[in-house]
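Engineer:
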């Protein structure tokens with residue numbers, strides 16, 4: 106019998122906070138309840154922001170919380186060749202295209218569109234969708250720009266991808282932490298437009314790396330925050346295009362900060378290390394986050 110496999114996958118680009126503690130401990134509890142495995146993955150493809158110091162802090166914080174996981178720990182930065190192989194498949198099947206527009210060019214295009222009275226569509230995070238200009242470039246022009254050294258990212262041609270995907274693309278979502286009931290959720294990757302799947306210097310993005318990792322590690326259950334709920338549609342599409350078996354999902358509640366917003370490393374919300382240094386115990390952290 107195959108054991109159910111869960112994973113906690115932080116990025117070492119800041120200190121872990123209470124929201125990470127909730128996700129990590131919830132994964133541990135659900136894995137234990139199911140008699141399954143818990144893996145730890147370090148999602149460090151952002152080589153500019155991720156540091157060994159932050160990674161060491163992740164290990165300290167998780168061990169202090171009492172989290173245990175199977176070894177070895179997977180680091181995404183050590184597996185770029187695997188992501189590149191999947192990217193090459195998407196390139197060969199003409200499901201991605203090189204996107205050259207800078208942020209300034211995107212803003213200018215959208216502003217000009219607005220002058221003509223058209224509201225530009227936004228993705229679920231409120232970010233404007235990528236304009237369609239590069240998707241329409243002739244192959245000769247694309248190759249010339251790449252040869253010239255123009256910076257670009259690989260973007261998914263979501264319309265072409267959806268034409269390959271089965272009708273009724275969906276995922277299975279658990280309705281609560283007991284995993285006693287599920288519901289089927291319609292995947293809507295079109296809401297994100299032509300998302301980035303890789304950059305010129307890094308042959309992957311979060312979306313591509315996470316689906317490859319989950320498949321290669323045999324992850325059966327993805328337990329993560331509600332803020333990633335909508336992104337699941339993009340990942341289900343990539344799983345289908347690459348022939349990867351999808352896991353089941355549970356998107357848990359978020360732990361709010363004192364002002365009611367989502368906790369964030371980028372906003373330097375109070376980290377677990379600071380709480381530990383202030384004398385808080387792991388049990389008090391559990392009580393604080395409702396576990």
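In the numbering used here, the protein residues as written are 106 to 396.
Even glycine gets a Cβ: it sits at the ideal position worked out from N, Cα and C.
These numbers were taken from a predicted model, which means no experiment stands behind them.
Mark residue 298 as exposed unless 16 or more other C-beta atoms lie within 10 angstroms of its C-beta, in which case mark it buried.
Structural biologist: Answer is buried; the Cβ neighbour count reaches 16.
Engineer: Compare the C-alpha of residue 175 against each of 271, 200, 141 and name the closest.
Structural biologist: It is 141.
Engineer: Use the C-beta contact count for residue 339: other C-beta atoms within 10 angstroms, 16 or more gives buried, fewer gives exposed.
Structural biologist: Classification of residue 339: buried, given that the 10 Å Cβ count is 16 or more.
Engineer: For residue 149 versus residue 180, is the C-beta distance shorter than 9 Å?
Structural biologist: Cβ atoms of residue 149 and residue 180: closer than 9 Å.
Engineer: Using the Cα positions of residue 157 and residue 203, report the straight-line distance between them to the nearest angstrom.
Structural biologist: Residue 157 and residue 203: Cα-Cα distance of roughly 32 Å.
Engineer: Is residue 109 closer than 9 Å to residue 153 when the C-beta atoms are compared?
Structural biologist: Cβ atoms of residue 153 and residue 109: not closer than 9 Å.
Engineer: With distances taken from CA atoms, which of 228, 212, 229, 258 is nearest residue 240?
Structural biologist: Here the closest residue by C-alpha is 258.
Engineer: If you drop the 5 nearest sequence neighbours on each side, which residues of the same chain put their C-beta closer than 6 Å to that of residue 171?
Structural biologist: Closer than 6 Å at the Cβ level, and outside the excluded window around residue 171, lie 387.
Engineer: On a Cα-Cα basis, can you pick out the residue from 193, 132, 360, 233 that is closest to residue 346?
Structural biologist: Residue 193 is the option with its Cα nearest to residue 346.
Engineer: Taking the alpha carbon of residue 360 as the reference point, which residue from 354, 396, 353, 383 has its own alpha carbon closest?
Structural biologist: For the residues 354, 396, 353, 383, the minimum Cα distance to residue 360 belongs to 396.
Engineer: Examine the Cβ distances between the segment 302-312 and the segment 245-262 and report whether three or more of them are shorter than 8 Å.
Structural biologist: Judged by Cβ distances under 8 Å, the segment 302-312 makes contact with the segment 245-262, as three or more pairs qualify.
Engineer: So, residue 320 versus residue 274, is the Cβ gap smaller than 9 Å?
Structural biologist: Cβ atoms of residue 320 and residue 274: not closer than 9 Å.
Engineer: Look up residue 292 in the DSSP assignment and say whether it is helix, strand or coil.
Structural biologist: In the structure shown, residue 292 sits in coil (DSSP, three-state: anything other than H, G, I, E or B).
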